[in-house]
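Participant: Mapping of the sequence shown onto the UniProt record's numbering: position 42 corresponds to residue 42, and the numbering continues sequentially without gaps. All residues carry an ideal CB built from backbone N, CA and C; glycine is no exception.
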Amino acid sequence: MGEDVLSTPGHLISLAARGFARLSEMRLKPLGFGVGQLPVLVALGDRKASTQRDLARFARVEQPPMAQMLARMERDGLIERTRDPADGRSSHIVLTKAAREAMPAAIAALFQGNSEALAGFTEAEADQLVDLLKRLIDKLDRIAGAEASAVD
Numbered sequence: 001m002g003e004d005v006l007s008t009p010g011h012l013i014s015l016a017a018r019g020f021a022r023l024s025e026m027r028l029k030p031l032g033f034g035v036g037q038l039p040v041l042v043a044l045g046d047r048k049a050s051t052q053r054d055l056a057r058f059a060r061v062e063q064p065p066m067a068q069m070l071a072r073m074e075r076d077g078l079i080e081r082t083r084d085p086a087d088g089r090s091s092h093i094v095l096t097k098a099a100r101e102a103m104p105a106a107i108a109a110l111f112q113g114n115s116e117a118l119a120g121f122t123e124a125e126a127d128q129l130v131d132l133l134k135r136l137i138d139k140l141d142r143i144a145g146a147e148a149s150a151v152d
């Protein structure tokens, strides 16, 4: 049957991603956060985005799932929305005081999980893994972009 499909980079990366997600979810849940919310929390915390459209682009998700996530985050007291006076259809989104105060503990929990997962790797190996994954993600984005352009 050729190469073992369960040993392909795609499958192994998927298993690793699910493992990291499970670990992160277990550690973030007691702090009131979900792992899927991380890109939004980071973007708002670093002021890299403040609208639903910008957050969706930053998090690399479509608008409908972002709208659902933001509604849950608002319900859970993590974000606040204020209408944009210049554009009534748009709102500015900010982290609540409670979310801002809980962020350092959440970030520390995530770094701790990564540190534990990479225990036994040298610093050079960990750096190389990160570099390889970034390159792979960039390549996959380019391939998907080219295929999407060909379909349009």
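Can you name the start and end residues of the alpha helix (DSSP H) that residue 27 belongs to?
Facilitator: 9-28
Participant: Counting only runs of 3+ residues fully inside the segment 19-98, write out the beta strand (DSSP E) ranges in chain order.
Facilitator: Fully enclosed beta strand (DSSP E) runs of 3 or longer: 79-84 and 87-95.
Participant: Contact check, residue 78 vs residue 99 under 8 Å by CB: the rounded distance?
Facilitator: 4 Å
Participant: Skipping 5 residues on each side, what residues in its chain have a beta carbon closer than 8 Å to that of residue 45?
Facilitator: 95, 100 and 103
Participant: Compare the Cα-Cα distances from residue 43 to each of 126, 24 and 93 and report the closest residue.
Facilitator: The residue with the shortest Cα to Cα distance from residue 43 is 93.
Participant: Assuming residue 129 is part of the alpha helix (DSSP H), what are its boundary residues?
Facilitator: 123-151
Participant: Any idea what DSSP makes of residue 120, helix, strand or coil?
Facilitator: coil
Participant: Do the CB positions of residue 28 and residue 106 come within less than 8 Å of each other?
Facilitator: yes
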